[in-house]
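Residue numbers are given in my numbering: position 31 of the sequence shown equals residue 31, and the series is strictly consecutive. All C-beta atoms in this analysis are idealised placements derived from N, C-alpha and C, irrespective of residue type, glycine included. Keep in mind the model is a prediction, meaning the values are calculated, not measured. The block underneath contains the structure these notes are about, expressed in structure tokens.
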Amino acid sequence: MSKKFVINNTKEMQYIRPSDPAAKGSMLGTAIGIEEGWEDYVMRIVRIEPGGTSFNHNHNWPHINYYISGRGILTLEGKEYEVKEGDYTYVPENQQHQWKNNTDEMFEFICIVPKEGHNI
């Protein structure tokens with residue numbers, strides 16, 4: 001696959017809402033991945049509306065996250081961590097995790113996963 005230059009803005013991306021109702025108020029967009037020539041990883045943008053949550057889940061791949069805007073709570077193995085714009089986290093594989101937006105502003109972050117972790 002050929003690699004190509006990409007420039008875009010998160011406000012212009014296409015987002016989908018997960019079908020699972022447990023992911024209330026969350027949206028996921030693909031920024032850079034296989035179609036752009038990044039064959040092993042996918043960079044996604046996650047947006048969680050005020051009062052929203054992601055899935056509470058675990059899997060056998062890690063997440064690398066960089067928080068773009070807003071604030072939220074990352075619950076990892078039952079422990080809560082406040083995250084905010086400018087923070088970054090590494091979520092190891094096989095650890096239960098969930099993000100929540102308990103504010104009145106949009107919470108947005110980059111989520112990089114190996115290609116096998118990208119299932120939208």
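Next on the checklist: Quick check for students: name the residue ranges of the beta strand (DSSP E) that lie wholly in the segment 23 to 91, counting only runs of 3 or more.
Outcome noted: 26 to 32, 41 to 48, 63 to 69, 71 to 76, 79 to 84, 88 to 91
Item to check | 7 Å Cβ cutoff met for residue 23 and residue 69 | outcome: no
Checklist entry - Pick from 27, 98, 67: whose alpha carbon is nearest that of residue 80? => result Considering only alpha carbons, the answer is 98.
Checklist entry - From this set, 94, 31, 19, which residue's C-alpha is nearest residue 4's C-alpha? => result Taking only the C-alpha atoms, the option nearest residue 4 is 31.
Checklist entry - Near residue 49, what residues of its chain come up, given a Cβ to Cβ distance below 7 Å and the 5 sequence neighbours on each side ignored? => result 25, 101, 106
Item to check | Among 66, 103, 108, the one whose alpha carbon lies nearest that of residue 90 | outcome: Selected option, being the one with the closest Cα: 66.
Checklist entry - Around the Cβ of residue 112, are there at least 16 other Cβ atoms within 10 angstroms (buried) or fewer (exposed)? => result Of the residues assessed, residue 112 falls on the buried side of the cut-off, its CB having 16 or more other CB atoms within 10 angstroms.
Checklist entry - Among the residues of its own chain, which have a CB less than 7 Å from the CB of residue 92, if the five just before and after it don't count? => result 62
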